[in-house]
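Numbering (my numbering), first residue to last: 882 to 1290.
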């Protein structure tokens, strides 16, 4: 397992991404965009884990070693009761997690009233932190949205969501990287790779049931939204009605262009765009070539309910990127095209621009390339620099499921 894999946690707002493209004029007055697709780049971001690694003996928390409790400071609050540990079942009073006997002798556990964290024993005792991952129960999405955690499921009682269950991994190196310069220690990697299996054993102590993947997978979360789009296409809503309903007017254009076959030419896909563990709904055109994967409407989950993020059309369209963000590709004429890289804030419909690249022959015919870092201040750059930015990511050529397949069921 490579050193880079351990450091792979991605913080959305720090990423850079782009789309490789070559522009040339064409006879119909538009710009030809010939997209090239380089290898997806791997982003590594380092962030201090001092706050986590330094939690070994905080009040109200217990550190256990392979099922045996270690001495801790007395708690000043009844709510911060000592953790009960039986064998390899760790119990923090809210939920339990089983650590397989396969890891015996290699780990330490830290707990609080809503969290269980797993550490590599060797790295921890060598003062390198040793933090591998933690699992936390959050009552509200806003309690973790925007952090490095990813939702992996829910504790539910009947249909009521009691808690979101969130996993976090170390975002910087937590072991002796001098001794282990090429690969992480075997004990650390075994815990890292076994993290999901451990969390899947989670059981609530008092009420409810933990369901892995609940509230994360798009299937079932956007049913009403999909049904509305099917209705719009079947009833052939015109552009005015589509716009009034907050939907892309492009569906009407596609229906006309395909001779009333939009049900087969428009579809949907689920994708976790902002890497928070919850899939977004993307609705777009089923096409080939440069239009393959084009997205005209994006929906996300806010406070556990579907919410509309953005609408596009032919000259202002969206593509999902392999690095987890989206690209807004817009055209303003024969000599004006802009690519804006955008991240979607978790548990929100807010979009945060990362940077934009612009080809603007109207502004400067000889030097038409510009860059903007989200402050509306465009700086002139060379064509080589522009292509370097645009080559740092790739469009996802999504295979949308046509609405016709659902309508036939």
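Glycine included, C-beta positions come from ideal geometry on N, C-alpha and C.
For clarity, every value in this text was computed on a predicted model and none was experimentally measured.
Same chain, Cβ closer than 7 Å to residue i, neighbours up to 5 away in sequence not counted
i, result
"residue 1262", "1250, 1251 and 1252"
"residue 1082", "978 and 979"
"residue 1092", "1034, 1035 and 1037"
Buried/exposed call for residue i, threshold 16 Cβ in 10 Å
i, result
"residue 1127", "exposed"
"residue 1121", "exposed"
"residue 1273", "buried"
"residue 1130", "buried"
"residue 1021", "exposed"
"residue 1228", "buried"
"residue 1181", "buried"
"residue 1125", "exposed"
"residue 1161", "buried"
"residue 1062", "exposed"
"residue 969", "buried"
"residue 1003", "buried"
"residue 973", "buried"
"residue 1086", "exposed"
Own chain residues within Cβ distance below 8 Å of residue i, not counting five before or after
i, result
"residue 1078", "981"
"residue 1278", "1173 and 1174"
"residue 1135", "1143, 1146, 1147 and 1166"
Cutoff 6 Å; reference residue i; Cβ partners in own chain excluding five residues on either side
i, result
"residue 1145", "1283 and 1285"
Cross-strand partners of residue i (DSSP beta bridge)
i, result
"residue 1055", "Its beta-bridge partners do not exist; DSSP assigns none."
"residue 1188", "1181"
"residue 1201", "1207"
"residue 1162", "1151 and 1180"
"residue 1292", "Absent from the structure is residue 1292, since the part of the chain shown begins at 882 and ends at 1290."
"residue 1016", "997 and 1048"
"residue 1084", "977"
Residue i beta carbon near the ligand ADP (any heavy atom closer than 7 Å)
i, result
"residue 1001", "By its list of ligands, the structure shown contains no ligand whatsoever, and the ligand ADP lies outside what it can speak to."
TODO: May I have a chain-ordered list of the alpha helix (DSSP H) segments no shorter than 4 residues that lie completely inside the segment 1238-1286?
DONE: 1264-1271
- [ ] Could you name each continuous beta strand (DSSP E) segment of 3 residues or more that falls completely within the segment 1208-1233, going from the start of the chain to the end?
- [x] 1217-1225
Open item on the list: For the structure I just gave you, are there three or more beta carbon pairs, one from the segment 1014-1024 and one from the segment 1036-1055, closer than 8 Å?
Closed with: yes
- [ ] Check whether the segment 1163-1176 touches the segment 1037-1044, taking contact to mean three or more Cβ pairs, one atom from each stretch, closer than 8 Å.
- [x] no
Open item on the list: Across the segment 1134-1149 and the segment 1207-1219, are there enough close Cβ pairs to call them in contact, namely three or more that are closer than 8 Å?
Closed with: no
- [ ] Counting only runs of 4+ residues fully inside the segment 1103-1143, write out the alpha helix (DSSP H) ranges in chain order.
- [x] 1104-1115, 1120-1125 and 1131-1138
Task: the segment 1214-1227 / the segment 1235-1245 touching (three or more Cβ pairs under 8 Å) - done: yes
Task: At least 3 beta-carbon pairs within less than 8 Å: the segment 1182-1193 vs the segment 1101-1114 - done: yes
Task: Inside the segment 1033-1077 only - alpha helix (DSSP H) runs reaching at least 4 residues - done: 1067-1074
Task: Any 3 or more C-beta pairs closer than 8 Å across the segment 1111-1125 and the segment 984-996 - done: no
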